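Residue numbers (the numbering used here), protein chains in the order written: chain A, 132 to 488; chain B, 413 to 617.
Written below as structure tokens is the structure these notes are about.
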């Protein structure tokens, strides 16, 4: 049924104006590109980063309960398996330290960056919509409906991390002010967003939207063009111990504590991480976990190329035509639609939100 | 002394009983008897002589025997014992036998179930300390440290053994971890944390 709807959607949306989503016929067809390029800036020396409060300071009460649930969903997203999550990943796999760590796409940095206008889908995306995008693409699942408790909880967690950190940084004492669900879902990049005076005096809305440590820091292009074959050697030496020689991660006690990097249980062809540059930035800064060694720029790009040149679940925006999907959504550093090992990637892509076998 | 003998005999009987129940349980290879004399016939561990093998994966046990043989791990008792096991097939037989000896099932705690820990060790185990680039132990060792693949089970392992191993990683007398990942993590732990973490995982059963 879903497939039929998708095909219907494809016939209705005019190709010449792909961003005009006025009254689209289906929910699926109106999936905008919410996984566009992540912001990235080079890492600066002696940079001061926002430091979120410890988890044991989350307040009691209804608001605190939302924050706590947000944390729990963040580190164990598998609670939403087969409902909104279609793979074996957890938010914490890409956002280190439960979204608390700078330069690992911290959740506190994201909260103050939305709502944001996105040229690519010609629309202002709220924080809630950004998280919905994560479910659709990174989690290869289905976006929770607007305003549902999980989206509120995740938004509350992001807000609490960010606001608590800013308050401490600018000498504002007391608990993080509680916010209504609707405010949380909107995100913090609004001129009318309630912020203690000491913080608004120190940082403009725009500065709060670009806190140091947001996203993954950009690294220079490699000296040699990135190459999956060279990346395979990097993978073997530094990655496969945790992620397995087949890239399928490792499960213990029923959960993949070490995440799958490609294949049916990993992020799909619409996720930000399928871009070679995003993966390279992430890897260079955050892998191997615990930083027992530092891979070079070249190694990061090569191994990112290796990982992203493997088949994974289909781009949810796919409407039956690979070339069309490639032309419309994949004009960046990625392997979607290219031929690797005699197979065109995306042709045999794994399905979205598959039921757990 | 007599009671120990009786206990050992009872365990032997229990092992035989288990073997009869589960058809897939491999028979004890003759070489494993030597291991069992220190580690217990079911690899249950005999404190303070030898750590528990039950619950470790065959992959991990094989790697450790080879590490003793190549000098990555050093122990005056284990090095000569490991040398008696020559050849991959023999090593695999012994490893498969002990890996099949499972510890009692336990309630596994997943990340996020608990946010606040009264002890620093629980927090390190489930949340790490990223101000020091210390990931949570459970990231690699699995929920509650139950282990898998090349990552040993920590849950229920003897505290004294865990402590001695963390110290061995710190001093570099234990090696063989790719990229020195475990040495790097161990070196960030204080002596008090090594103590606390060792006791924490030892009590998870």
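Even for Gly, the Cβ is constructed at its ideal location relative to N, Cα and C.
Treat the numbers as computed from the prediction; the structure is a model and nothing was measured.
By the CB criterion at 7 Å, residue 391 of chain A and residue 384 of chain A fall outside the cutoff. Judged by DSSP in its simplified three-state form, residue 479 of chain B adopts helix.
Taking 7 Å as the threshold, the shortest C-beta distance from residue 184 of chain A to chain B does not fall below it. If the five residues before and after residue 437 of chain A are omitted, its C-beta is found closer than 6 Å to the C-beta atoms of 359, 362, 363 and 366, all from its own chain and listed in chain order. The way I'd put it, the stretch 526-539 of chain B does touch the stretch 593-613 of chain B; three or more beta-carbon pairs between them come closer than 8 Å.
With respect to the 7 Å criterion, residue 292 of chain A and residue 201 of chain A are not classified as neighbours on the basis of their beta carbons. Secondary structure at residue 444 of chain A: strand, using DSSP grouped into helix, strand and coil. At a Cβ-Cβ threshold of 7 Å, residue 345 of chain A and residue 240 of chain A count as neighbours. Using a CB distance cut-off of 7 Å, residue 376 of chain A does not count as an interface residue toward chain B. The straight-line gap separating the alpha-carbon atoms of residue 473 of chain A and residue 591 of chain B is approximately 33 Å.
In this structure, residue 456 of chain A lies near residue 449 of chain A, with their beta-carbon atoms less than 7 Å apart. When the beta-carbon positions are compared, residue 232 of chain A and residue 581 of chain B stay at least 7 Å from each other. Between the C-alpha atoms of residue 206 of chain A and residue 547 of chain B there is a straight-line separation of about 13 Å. Neighbours of residue 373 of chain A in chain B, taken as residues at a C-beta separation under 8 Å, are given in chain order as 552. Look at residue 294 of chain A: its C-beta is not under 7 Å from any C-beta on chain B.
Remark: C-beta atoms of residue 484 of chain A and residue 272 of chain A approach each other more closely than 7 Å. Residue environment: residue 491 of chain B is assigned as exposed (fewer than 16 neighbouring CB atoms within 10 Å of its CB, all protein chains considered).
Using beta-carbon distances, residue 428 of chain A does not count as an interface residue toward chain B, since no partner is under 7 Å. Contiguous beta strand (DSSP E) elements confined to the stretch 209-255 of chain A occur at 247-249, taking only those with 3 or more residues.
Scanning A:486, A:442 and A:189 for the CA closest to the CA of residue 467 of chain A turns up A:442.
In the structure shown, the three-state DSSP call for residue 426 of chain A is coil. If you ignore the 5 residues before and after residue 314 of chain A, its C-beta comes within less than 8 Å of the C-beta of 324 and 325, all in its own chain and listed in chain order. Note on residue 197 of chain A: 16 or more other CB atoms within 10 angstroms of its CB, so buried under the neighbour-count rule.
Proximity of residue 565 of chain B to chain A, defined by a Cβ-Cβ separation below 7 Å, is not satisfied. Secondary structure of residue 472 of chain B (DSSP, three-state): helix.
Listed in chain order, the positions of the stretch 507-538 of chain B with a beta carbon within less than 7 Å of a beta carbon of chain A are 520, 522, 523, 524, 527 and 528.
It is roughly 20 Å from the alpha-carbon of residue 425 of chain A to the alpha-carbon of residue 178 of chain A. Residue 383 of chain A carries a strand assignment under DSSP once its states are collapsed to helix, strand and coil. Distance between residue 456 of chain B and residue 433 of chain A, taken at the CA atoms: about 45 Å. Taking all protein chains in view, the Cβ of residue 270 of chain A is crowded by 16 or more other Cβ atoms within 10 Å, so the residue is classified as buried.
Taking the C-beta atoms as reference points, residue 561 of chain B is found no nearer than 7 Å to residue 553 of chain B. Rounded to whole angstroms, the separation of the alpha carbons of residue 589 of chain B and residue 452 of chain B is 27 Å. Using a Cβ-Cβ cut-off of 7 Å, residue 592 of chain B is close to 423 of chain A, given in chain order. DSSP assignment within the stretch 309-350 of chain A yields the following whole alpha helix (DSSP H) runs of 4 residues or more, N-terminal first: 312-317, 328-333 and 336-340. Under the three-state reduction of DSSP, residue 470 of chain A is assigned to strand. Interface flag for residue 545 of chain B against chain A is set, since a Cβ pair is found closer than 7 Å.
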